[in-house]
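>
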Amino acid sequence: MAISSFHPPLRTLMGPGPSDVHPRILEALGRPTLGHLDPLFVGMMDETKTLLKYAFQTSNELTLPISAPGSAGMEACFVNLLEPGDKALVCVNGVFGNRMIENVTRCGAIAIRLDFAWGTAVDPAVVEAALKEHGDVKVLAFVHAETSTGALSDAETLCGLAKQYGCLSIVDAVTSMGGVPLLVDQWQADAVYSGSQKCLSCTPGLSPVTFSPAAVAAIKARKHPVQSWFLDMNLILGYWGEGGKRAYHHTAPVNALYGLHESLVMLQEEGLENAWQRHAIMHRALAAGLESLGVEFVVAAEQRLPQLNSVYIPAGVDDAATRQYLLANHNLEIGAGLGDLAGKVWRIGLMGYSAKPENIRLLLSALAAAMQAQGYECDAQAALAAADAVLA
Ligand SMILES: *Cc1c(COP(=O)(O)O)cnc(C)c1O
């Protein structure tokens, strides 16, 4: 039997990522492929670095996209900064903090684990006490925007603590970039990674990273070679570095980078502050609608991520049946709970191009219908009116 071409339906993606990809980005992906050392392509790479510096709000020279998804950006930060025997203090308030621990131990380094309740932010006072207790910590690592729970941590204070206690910070900004303020230089963050498919609304598969001068000095001062050949920043720089000389390291994902470039041009056009504000307003409208439906938030209001809304599944409503209904009847995807929250919550994303009024209205009316089909009583019109009142 011959297998024919794959034609996916047009879904509305309101889960934890990927988010809806803007048509301009999909169009950019289909432009003619250039050689990965073509001078025109190299020029586009330089522009991408400049645009990423804007998105990260940094002047760090070592700012570029890793040719792999956000998890590779995470790994790049850990393998470059940590050597065997180094100590890393890792804050765990969700799934991604757990992955950081995995990275630390696989580097042969020692992970000191600080747990926080899922659905809450990292508590800086607890972190400071731990930094005091363990004198010789090299790295403080935490997740700025925990996509598994919807909690936003105070990256400015945490990075400040890292500086105060003489260690380097590693910040997971996969979901924060473009959705909430991320000010790498002002906060003095040292190694920060993000992802293309969350608030940048690009296709999955690329991970912007940035390293401060202090982080670069630590990489240069290493006694052991970086354990990963592919993610060794010393080697990657030979391809992405400034100046005319570009040595082959790996074949860049040329067309995928057109997409990232386009998404960053769009972010520049909108303006970072405007993008942050749009996410905040859309979140308030969605929250007003959900609360009108009787759906409650997991995270306290002052710690909530606008771009990832974790809500409790109301009693009597079935998790899988609801998500199946939304997909089958409305081509609408929302996220399931992870880990401790599996089966108890939904994760509703408002990321990038998905953070718009049409999506909020679709979500509220479709979710109301899905829950009503299971006997749950709610008023879709009232929810839409509550959301519209915020948007007006
Ligand atoms: C999505 C995500 C990642 C992983 O990114 P991938 O592109 O899936 O590898 C890491 N950290 C956070 C906070 C994320 O939301």
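Letter by letter, the sequence shown follows residues 15 to 406 of the working numbering. Note that beta-carbon positions come from the ideal geometry of N, C-alpha and C, so glycine has one too.
On the criterion of 16 or more Cβ atoms from any shown chain inside 10 Å, does Thr-189 qualify as buried, or is it exposed?
Classification of Thr-189: buried, given that the 10 Å Cβ count is 16 or more.
> So Thr-217 and Val-35 are in contact, right, with Cβ under 8 angstroms, and what is the actual spacing, rounded?
The pair is a contact, with the Cβ atoms about 6 angstroms apart (cut-off 8 angstroms).
> Mind checking whether the beta-carbon of Thr-189 lies closer than 7 angstroms to any heavy atom of ligand 2?
No copy of ligand 2 appears in this structure; the ligands present are ligand 1.
> Is Val-136 buried or exposed, if buried means 16 or more other CB atoms sit within 10 Å of its CB?
It is buried - the Cβ of Val-136 has at least 16 other Cβ atoms within 10 Å.
> Kindly confirm or deny that the segment 295-309 and the segment 156-168 touch, where touching means at least three C-beta pairs closer than 8 angstroms.
With a cut-off of 8 angstroms, the segment 156-168 and the segment 295-309 do not count as touching, because too few Cβ pairs lie within range.
> Return helix, strand or coil for Glu-391, following the three-state DSSP convention.
The answer is coil: DSSP assigns Glu-391 none of H, G, I, E or B.
> What residue range is occupied by the uninterrupted beta strand (DSSP E) comprising Asp-129?
Where Asp-129 is concerned, the enclosing beta strand (DSSP E) stretches over 124-129.
> Can you grab the Cα-Cα spacing for the pair Ala-123 / Pro-98, in whole Å?
Distance between the alpha carbons of Ala-123 and Pro-98 is about 5 angstroms.
> Check Lys-101 in the structure and name its three-state DSSP category.
Looking at Lys-101 - three-state DSSP - the assignment turns out to be strand.
> If you run the structure through DSSP and keep just helix, strand and coil, what is Asn-323?
If DSSP states are grouped into helix, strand and coil, Asn-323 belongs with the strands.
> In the DSSP assignment, the beta strand (DSSP E) including Phe-225 goes from what residue to what residue?
Start and end: 221-225.
> Of all the alpha helix (DSSP H) runs that stay within the bounds of the segment 292-378, which reach a length of 4 or more residues?
The segment 292-378 contains these whole alpha helix (DSSP H) runs: 333-344.
> Which one of Val-56, Ala-16, His-21 has the shortest CA to CA distance from Lys-259?
The option with the nearest alpha carbon to Lys-259 is Val-56.
> If we call anything under 8 angstroms between Cβ atoms a contact, is Leu-196 one with Ala-187?
Cβ atoms of Leu-196 and Ala-187: closer than 8 angstroms.
> What is the rounded straight-line gap between the Cα of Glu-116 and the Cα of Met-15?
The straight-line gap from Cα to Cα measures roughly 43 angstroms.
> Check the C-beta distance from Val-126 over to Lys-152 and give it rounded, since I have them as a contact under 8 angstroms.
It is Ile, not Val, that sits at residue 126 in the sequence shown. About 11 angstroms; that fails the 8 angstroms criterion.
> Could you have a look at Glu-160 and say whether DSSP puts it in helix, strand or coil?
Looking at Glu-160 - three-state DSSP - the assignment turns out to be strand.
> Using a threshold of 7 angstroms, is the CB atom of Pro-320 nearer than that to any non-hydrogen atom of ligand 1?
Answer for Pro-320: no, Cβ out of range of ligand 1.
> Tell me which same chain residues have a C-beta within less than 7 angstroms of the C-beta of Ala-384, skipping the five on either side of it?
The residues are Thr-336, Tyr-339, Leu-340.
> Please report the distance separating the alpha-carbon of Ala-155 from that of Asn-373.
For Ala-155 and Asn-373, the distance between alpha carbons rounds to 34 angstroms.
> Out of curiosity, what's the CA-to-CA distance linking Ser-183 and Gly-133?
If you take the alpha carbons of Ser-183 and Gly-133, they lie about 22 angstroms apart.
> Less than 8 angstroms separating the beta-carbons of Val-93 and Gln-241?
In contact: Val-93 and Gln-241 (Cβ atoms closer than 8 angstroms).
> Cβ of Gly-99 versus every heavy atom of ligand 1: is any distance shorter than 7 angstroms?
Flag unset: Cβ of Gly-99 not near ligand 1.
> Please confirm whether Gly-87 and Tyr-207 have their CB atoms less than 8 angstroms apart.
In this structure, Tyr-207 lies closer than 8 angstroms to Gly-87 by Cβ.
> Contact defined as beta carbons within less than 8 angstroms: I believe Leu-300 pairs with Leu-364. What is the distance between those atoms, to the nearest angstrom?
Sure, about 6 angstroms apart at Cβ, within 8 angstroms.
> When the distance is taken between beta carbons, is Arg-361 closer than 8 angstroms to His-401?
Per the sequence shown, the amino acid found at residue 401 is Ala instead of His. In this structure, Arg-361 does not lie closer than 8 angstroms to Ala-401 by Cβ.
> Going by the beta-carbon positions, is the gap between Leu-281 and Ala-270 smaller than 8 angstroms?
Going by C-beta atoms, Leu-281 is not nearer than 8 angstroms to Ala-270.
> So does Pro-83 have its beta carbon nearer than 7 angstroms to some heavy atom of ligand 1?
Flag set: Cβ of Pro-83 near ligand 1.
> How many whole angstroms separate the CB atoms of Ala-72 and Val-198, which I take to be in contact at a CB cut-off of 8 angstroms?
First, the amino acid is wrong: residue 72 is Thr here, not Ala. About 4 angstroms; that satisfies the 8 angstroms criterion.
> Assign Tyr-207 to one of three DSSP states: helix, strand, or coil.
Strand, per DSSP.
> Mind checking whether the beta-carbon of Gly-273 lies closer than 7 angstroms to any heavy atom of ligand 1?
No.
> If Glu-89 sits next to Leu-245, beta carbons under 8 angstroms apart, how far is it from one beta carbon to the other, in whole angstroms?
Confirmed, about 6 angstroms.
> Threshold first: 3 residues or longer. Then list the beta strand (DSSP E) segments lying entirely within the segment 167-196, N to C.
List check, beta strand (DSSP E) in window: 182-186.
> From Asn-343, Asp-150, Asp-393, pick the residue whose C-alpha is nearest to that of Leu-24; which is it?
Of the listed residues, the one whose Cα sits closest to Leu-24 is Asn-343.
> Any idea if Ala-406 is buried or exposed, counting beta-carbon neighbours within 10 angstroms, 16 or more meaning buried?
It is exposed - the Cβ of Ala-406 has fewer than 16 other Cβ atoms within 10 Å.
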